[in-house]
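Participant: Sharing a structure with you now.
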Amino acid sequence: AQTVTQSQPEMSVQEAETVTLSCTYDTSENNYYLFWYKQPPSRQMILVIRQEAYKQQNATENRFSVNFQKAAKSFSLKISDSQLGDTAMYFCAYNQGGKLIFGQGTELSVKP
Amino acid sequence: DTGVSQNPRHKITKRGQNVTFRCDPISEHNRLYWYRQTLGQGPEFLTYFQNEAQLEKSRLLSDRFSAERPKGSFSTLEIQRTEQGDSAMYLCASSFLTNRDEQFFGPGTRLTVL
Chain G
1 AQTVTQSQPE MSVQEAETVT LSCTYDTSEN NYYLFWYKQP PSRQMILVIR
51 QEAYKQQNAT ENRFSVNFQK AAKSFSLKIS DSQLGDTAMY FCAYNQGGKL
101 IFGQGTELSV KP
Chain V
1 DTGVSQNPRH KITKRGQNVT FRCDPISEHN RLYWYRQTLG QGPEFLTYFQ
51 NEAQLEKSRL LSDRFSAERP KGSFSTLEIQ RTEQGDSAMY LCASSFLTNR
101 DEQFFGPGTR LTVL
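Sequences listed follow chains G and V, in order. Residue numbers for the first sequence follow our numbering, beginning at 1 and rising by one. Residue numbers for the second sequence follow our numbering, beginning at 1 and rising by one.
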């Protein structure tokens with residue numbers, strides 16, 4: 001069965017610093033898509049960044065970047081210059097035949 | 001179009017009652033998904049539609065659950081004979097056609113079964 005594992009239930013970081021959230025996944029497919037979603041407190045889930053497995057280049061979106069290691073099935077998220085608005089639950093997800101398989105989430109707190 | 005909308009936002013019901021939730025996707029999206037999220041966990045897939053066709057149902061979706069998407073527009077999720085274990089946030093999402101496409105999530109319907 002395909003699974004997604006986030007081993008850090010909670011993390012905190014000082015404002016303006018860098019933090020990395022870990023994610024590993026398991027799949028037998030060769031072509032797939034990986035996502036990081038952000039769920040702020042009491043607000044809806046929004047996409048942070050997306051990685052296509054056939055692309056070797058790591059995706060970046062402004063302060064957000066990923067370290068995609070296909071052989072290790074690892075997909076970590078790096079947030080640079082952390083801002084108070086980055087405080088949220090972060091979910092790693094894998095697209096399996098259309099549906100998303102989510103990890104358990106990492107609760108990130110950015111402290112002033 | 002301002003995004004995916006869900007109604008109601010909150011529902012409190014007594015065990016054994018039936019409840020129905022509605023999801024209105026982004027109008028040009030072909031796919032519509034339902035997920036369930038319990039406190040402190042990631043969303044779990046329930047079912048999804050491509051246009052009006054229900055393409056997949058999770059084993060989590062017992063016979064008490066049914067979903068429809070008539071005419072490929074809005075969708076409803078009905079839970080019959082609710083149980084306390086059904087208490088959760090029910091999320092709807094929509095997307096374009098491919099697995100690459102971003103799924104846009106609605107605000108969810110929080111169900112509490114007393």
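The beta-carbon is built from N, C-alpha and C at its ideal position, and this holds for glycine as well.
1. Given S5 (chain V), which residues of its chain have a CB within under 8 Å of its CB, disregarding the five upstream and five downstream residues?
2. Taking 6 Å as the limit between beta carbons, can you name the residues of its chain near T112 (chain V), skipping five residues before and five after?
3. Within the chosen definition, does the segment 77 to 86 of chain G reach the segment 11 to 23 of chain G through at least 3 CB pairs nearer than 8 Å?
4. What would DSSP say about L84 (chain G), mapped onto helix, strand or coil?
5. Classify D24 (chain V) as helix, strand or coil using the three-state DSSP reduction.
6. Can you tell me the Cα-Cα spacing of V19 (chain V) and E56 (chain V), whole angstroms?
7. Let me confirm a value: R69 (chain V) is counted as buried when at least 16 other C-beta atoms fall within 10 Å, else exposed. Which label applies?
8. Quick one: which residues of the segment 26 to 41 of chain G get their C-beta closer than 7 Å to a C-beta of chain V? List them in chain order.
9. Along the segment 82 to 110 of chain G, what residues have a CB closer than 8 Å to any CB found in chain V?
10. Note down the Cα distance separating A53 (chain G) from P8 (chain V), rounded to an integer number of angstroms.
11. Which class does K11 (chain V) belong to by DSSP, given the choice of helix, strand or coil?
12. Any beta-carbon of chain V closer than 7 Å to the one on M119 (chain G)?
Facilitator: In brief:
1. Position 5 of the second sequence holds residue 5 (chain V). Correct list, in chain order: C23, D24, G106 and P107.
2. As a position in the second sequence, residue 112 (chain V) is number 112, starting the count at 1. If we look at T112 (chain V) and ignore the five residues flanking it on each side, its Cβ neighbours are I12 and S87.
3. yes
4. Counting from one through the first sequence, the residue named residue 84 (chain G) turns up at place 84. Reduced to three states, the DSSP call for L84 (chain G) is helix.
5. For the purposes of this step, residue 24 (chain V) is taken as residue 24 along the second sequence, with counting starting at 1. Note: D24 (chain V) maps to strand in three-state DSSP.
6. Translated into the one-based positions of the second sequence, residue 19 (chain V) becomes position 19. Translated into the one-based positions of the second sequence, residue 56 (chain V) becomes position 56. Cα-Cα distance, rounded: 22 Å.
7. Within the second sequence, numbered from 1, the residue matching residue 69 (chain V) stands at position 69. Classification of R69 (chain V): buried, given that the 10 Å Cβ count is 16 or more.
8. Residues Y33.
9. F91, A93, N95, G97, G98, K99, L100, I101, F102, G103, Q104 and G105
10. As a working mapping, residue 53 (chain G) is identified with position 53 in the first sequence. As a working mapping, residue 8 (chain V) is identified with position 8 in the second sequence. Rounded to the nearest angstrom, the two C-alpha atoms are 37 Å apart.
11. By 1-based counting over the second sequence, the position of residue 11 (chain V) is 11. Three-state result, K11 (chain V): strand.
12. With chain G covering 1 to 112 only, the question about residue 119 (chain G) has no answer from this structure.
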